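Residue numbers (the numbering used here), protein chains in the order written: chain A, 19 to 176; chain B, 19 to 176.
Accompanying notes for the structure given below.
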DNA sequence: TATTGTTATACTCTATAACTATA
DNA sequence: TATAGTTATAGAGTATAACAATA
């Protein structure tokens, strides 16, 4: 408060907490995921495919934020582990239908409830009102940040 | 609400928003960082070293959540770019004092205000009250999650 | 001509462990 | 004996571009 910057930093405490909270969650979550012999990306794919009839690579990439080149590698490794299958897409000859294999489906149903129950225990101290408020504020924040992504071209320069 | 799981998922909407808000921020932030020719890890180190007299690898690792083996590689690349310097630590012969080079310091002072101003513009729609509430809720969440990390041993099993 | 997914390349981060040199 | 940092290794994600098959 005696420096050169104006009021340019009022958002920093909240932003720092966002990053730290996410990192804390990521630490808890990825510890659990790694104990299953999976990476975060692999788990994301399993979770995305769970309870579906199968998805195209494009769909999976959209949901997991992976570009197609990356996804191919992740799917290769999941296929090698026998957790997914690739089949020709019935409606589009260019596309691939990616599905959980029986093993993958069993894994999904074995680990997901456990994962959720584990997290639920952690979240017990937070009231519904707190969770709801948190959700709404985070949603507002996200919309602001995503609005920026849309404006890909009119950037900072001028 | 007609499935097998109990109330095991009341936290999921908030958690999903946490992840999505973080991903949105990460998208905005890393777009800016990559445009500077840096990776997120490299930027983290630059930001950590900014406005300090230099830090040990241990300190940097603690703040950026990188293990020492990873950090060595990141520091190597920053050193090759001429952005940091490694000097023997004056107080401990085993340790290294990592500092921003003049070039790195210039970069830090050139990009940090820009980065903050850029974010400040994005955050303009949020009121101080909203930011404050968000910060407090995130802090509560983080403490819950970090409490878990401490209990490394009495895990889910029994 | 546009889209889907794969391949290829080069880089970076991750995790782990062995190693050195200091303390 | 413990700590700080480097080195070595193997594996995995990232970004980008070129490519084949299909629409």
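The beta carbon of each residue, even a glycine, is placed where N, CA and C say it ideally should be.
From a predicted model like this one, the values you see are computed outputs, not experimental measurements.
DSSP beta-bridge partners of residue i
{"i": "residue 116 of chain B", "result": "B:73, B:104"}
Cβ neighbours of residue i in the same chain (closer than 7 Å, five flanking residues each side left out)
{"i": "residue 113 of chain B", "result": "74, 107"}
{"i": "residue 13 of chain A", "result": "The displayed coordinates of chain A run from 19 to 176. Any statement about residue 13 of chain A would go beyond what the structure contains."}
{"i": "residue 185 of chain B", "result": "The structure shown does not extend to residue 185 of chain B, since chain B is modelled only from 19 through 176, so no value can be given for it."}
{"i": "residue 154 of chain A", "result": "none"}
{"i": "residue 133 of chain A", "result": "50"}
{"i": "residue 72 of chain A", "result": "115, 116, 117"}
Helix, strand or coil at residue i [DSSP, three-state]
{"i": "residue 170 of chain A", "result": "Caution is warranted here: a pLDDT of 47 is assigned to residue 170 of chain A, below 50, making its placement in the model unreliable, and the coordinate value is therefore given only provisionally. Coil."}
{"i": "residue 123 of chain A", "result": "helix"}
{"i": "residue 87 of chain B", "result": "helix"}
{"i": "residue 34 of chain A", "result": "helix"}
{"i": "residue 45 of chain A", "result": "helix"}
{"i": "residue 109 of chain B", "result": "coil"}
{"i": "residue 131 of chain B", "result": "helix"}
{"i": "residue 156 of chain A", "result": "helix"}
{"i": "residue 99 of chain A", "result": "coil"}
{"i": "residue 150 of chain A", "result": "helix"}
{"i": "residue 144 of chain B", "result": "coil"}
{"i": "residue 79 of chain A", "result": "helix"}
{"i": "residue 28 of chain A", "result": "coil"}
{"i": "residue 19 of chain A", "result": "Summary for residue 19 of chain A: the model assigns pLDDT 45, below 50, so the residue's position carries little reliability; its value from the coordinates is reported in the next sentence. Coil."}
{"i": "residue 54 of chain B", "result": "coil"}
Neighbourhood of residue i by C-beta distance below 6 Å, restricted to the same chain and skipping five residues each side
{"i": "residue 68 of chain B", "result": "126"}
{"i": "residue 31 of chain B", "result": "none"}
{"i": "residue 81 of chain A", "result": "66"}
Enclosing alpha helix (DSSP H) for residue i [first to last residue]
{"i": "residue 66 of chain B", "result": "58-67"}
Residues, ordered as in the chain, of the region 132-153 of chain A that lie near chain B by beta-carbon distance below 8 Å: So the list reads 132, 134, 135, 136, 137, 138, 140, 141, 143, 144, 146, 148, 149, 150, 151, 152, 153, given in the order they occur along the chain.
Where the region 97-117 of chain B meets chain A: residues whose CB sits under 9 Å from a CB there: Cβ contacts with chain A come from no residue of the region 97-117 of chain B.
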